[in-house]
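Student: Let me begin by handing over the structure; questions about it come next.
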Amino acid sequence: MSDICRCFAPVADDKSRILILGSMPGERSLELQQYYGHKNNRFWRMMAELFNSGILPDDYEERKKMLLRHDIALWDVIAYCRREGSLDSAIREEEYNDLTGFLSAHKQIKRICCNGGKAYSALQKYCHFHLLGTIEILAMPSTSPANARWNLEKLKEKWTPALLN
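Sequential numbering from -14 applies to the sequence shown in this note's numbering.
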């Protein structure tokens, strides 16, 4: 039997220009109630290297503030679903977040970076891109430990232009 999973509230403010969208937090993230909470997920290490001189804050609230200081918002495409384990391939019966409403309330967002293929395909399935207007949509390689083909350096190389330009 699969568990019902629910995403977290978005991390955003009125200065956010870039929205990073995941699919649905994994089991460890849900346990900790933290985006990208699995210790082997490269997301927070990559953000610290890009925005905080490589210093990764221990405190989760400080990690979120680090993103907001750099005008980055964080959320998930899927609001809730059934899933056994943490793999995106196990997601079933998904319901989607109100991204159109979110983007209407955050008109300053000009780019969406989808963290992984499932986030991108879920966004394609749910949201008609033509309704997003001039917002740029980028499919980015997943920072998940399941994406072993991409080491941290390779991830940074791909993500840096999307986050710093």
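Backbone N, C-alpha and C fix where the C-beta goes; we use that ideal spot for every residue, glycine too.
1. Taking buried to mean at least 16 other C-beta atoms within 10 Å of its own C-beta, is S1 buried or exposed?
2. Express the C-alpha separation of L15 and D(-12) in angstroms, rounding to a whole number.
3. For a test of the three-state rule: what should DSSP assign to A147, helix, strand or coil?
4. Hey, could you find the ends of the alpha helix (DSSP H) W135 is sitting in?
5. Measuring CB to CB, does L155 end up less than 8 Å from D(-2)?
6. Does the beta-carbon distance from L35 to K141 come in below 8 Å?
7. Could you tell me which of E80, A147, D61, W144 sits nearest to A(-6), measuring between CA atoms?
8. Determine whether the beta carbon atoms of L136 and C(-8) lie at a separation below 8 Å.
9. Can you check which of these residues, L17, E46, Y21, is closest to M9 by C-alpha distance?
10. Considering L6, what are the terminal residues of the beta strand (DSSP E) in which it resides?
11. What is the DSSP secondary structure of Y155, reduced to helix, strand or coil?
12. Do I97 and L17 have their CB atoms nearer than 8 Å?
Tutor: In brief:
1. Indexing the sequence shown from 1 puts residue 1 at position 16. Answer is buried; the Cβ neighbour count reaches 16.
2. As a working note, residue -12 is residue 3 in the sequence shown. As a working note, residue 15 is residue 30 in the sequence shown. Going from the Cα of D(-12) to the Cα of L15 covers about 11 Å.
3. Translated into the one-based positions of the sequence shown, residue 147 becomes position 162. Helix at A147.
4. Here the question's residue 135 lines up with position 150 in the sequence shown. Run containing W135: none; DSSP gives neither H nor E here.
5. Since the displayed the chain opens at -14 and closes at 150, residue 155 lies outside it and no answer follows.
6. As a first step, residue 35 is located in the sequence shown; it is residue number 50 there, counting from the start. As a first step, residue 141 is located in the sequence shown; it is residue number 156 there, counting from the start. One thing to note: L35 has its Cβ within 8 Å of the Cβ of K141.
7. The residue given as residue -6 occupies position 9 in the sequence shown. Of the candidates E80, A147, D61, W144, the one whose C-alpha sits nearest the C-alpha of A(-6) is D61.
8. Along the sequence shown, read from residue 1 onward, the residue named residue 136 stands at position 151. Along the sequence shown, read from residue 1 onward, the residue named residue -8 stands at position 7. Residue identity differs from the one stated: residue 136 is Asn in this sequence, not Leu. Not a contact, by the Cβ cut-off of 8 Å.
9. Reading the sequence shown from its first residue, position 24 is the one you call residue 9. Answer by Cα proximity: Y21.
10. On the sequence shown, residue 6 is found 21 positions in, with the first residue counted as 1. Per DSSP, the continuous beta strand (DSSP E) segment holding L6 begins and ends at 3 to 7.
11. The question about residue 155 has no answer, for the chain in this structure spans -14 to 150.
12. Against the sequence shown, residue 97 aligns to sequence position 112. Against the sequence shown, residue 17 aligns to sequence position 32. Not a contact, by the Cβ cut-off of 8 Å.
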